[in-house]
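One structure is given below, encoded as structure tokens.
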Amino acid sequence: MNDPISDLLTRIRNANRALLPALELPHSKIKESIVGILKREGYITDFTVEGKLPRTIKVKLKYQGKKSIIEGLRRVSTPGLRRYVGATEIPRVRGGLGVAVLSTSEGLMTDVQARRKRIGGELICYVW
Numbered sequence: 002m003n004d005p006i007s008d009l010l011t012r013i014r015n016a017n018r019a020l021l022p023a024l025e026l027p028h029s030k031i032k033e034s035i036v037g038i039l040k041r042e043g044y045i046t047d048f049t050v051e052g053k054l055p056r057t058i059k060v061k062l063k064y065q066g067k068k069s070i071i072e073g074l075r076r077v078s079t080p081g082l083r084r085y086v087g088a089t090e091i092p093r094v095r096g097g098l099g100v101a102v103l104s105t106s107e108g109l110m111t112d113v114q115a116r117r118k119r120i121g122g123e124l125i126c127y128v129w
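Under this note's numbering, the first residue of the sequence shown carries the number 2, and numbering increases by one thereafter.
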């Protein structure tokens, strides 16, 4: 697998389209951080890390009737083309209705947290 973050986003997107209640994916620290941000921002219901080597992350998706809470996921910085932004250049996703996930020197955080701390970093993905 060349891009595990893109794989995570694709699995979530596919599970949302199929209206699955939950999904499992291979564990890594960055995936766990991204899923933690999604939970904190209210895009998923819950997640748990299960098993002992190989560990997996079980994500419970959130729906409103037959419609998913997550309307879209987009990978921005890829292994072939990294995208870095400064603190003043952090974009607003859907006019502030979505979330941009950034990898900073202080760990993964949302665009709002990065603006508040005035630090930039690698623009991982957009969620709306």
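Virtual Cβ for every residue (Gly too), placed ideally from N, Cα, C.
Being a predicted model, the structure only gives us computed values, none of them experimental.
{"Item": "DSSP state of K63, grouped into three classes?", "Value": "coil"}
{"Item": "Please report the residue range of the beta strand (DSSP E) in which T105 lies.", "Value": "V100 to T105"}
{"Item": "For V86 and D112, what's the separation of their Cα atoms in angstroms?", "Value": "11 Å"}
{"Item": "Over the uninterrupted alpha helix (DSSP H) stretch that includes I120, give me the two end residues.", "Value": "Element bounds for I120: n/a, residue is neither H nor E."}
{"Item": "In chain order, what residues of the same chain have a beta carbon less than 7 Å from the beta carbon of Y33, not counting five sequence neighbours either side?", "Value": "A small fix is needed here, since residue 33 is Glu in this sequence, not Tyr. Only V50 and I58 meet the Cβ criterion."}
{"Item": "Reducing DSSP to helix, strand and coil, say where P80 ends up.", "Value": "coil"}
{"Item": "What ranges does the alpha helix (DSSP H) occupy inside the stretch 14-57, keeping only unbroken runs of at least 4 residues that lie completely in it?", "Value": "30-41"}
{"Item": "Under DSSP, the beta strand (DSSP E) around G108 begins and ends at which residues?", "Value": "G108 to T111"}
{"Item": "Would you check if the stretch 70-81 and the stretch 24-38 touch, i.e. whether three or more CB-CB distances between them fall below 8 Å?", "Value": "no"}
{"Item": "For my contact list, I45 and K63 are in at a C-beta cut-off of 8 Å; report their separation, rounded to the angstrom.", "Value": "5 Å"}
{"Item": "On the criterion of 16 or more Cβ atoms from any shown chain inside 10 Å, does A19 qualify as buried, or is it exposed?", "Value": "exposed"}
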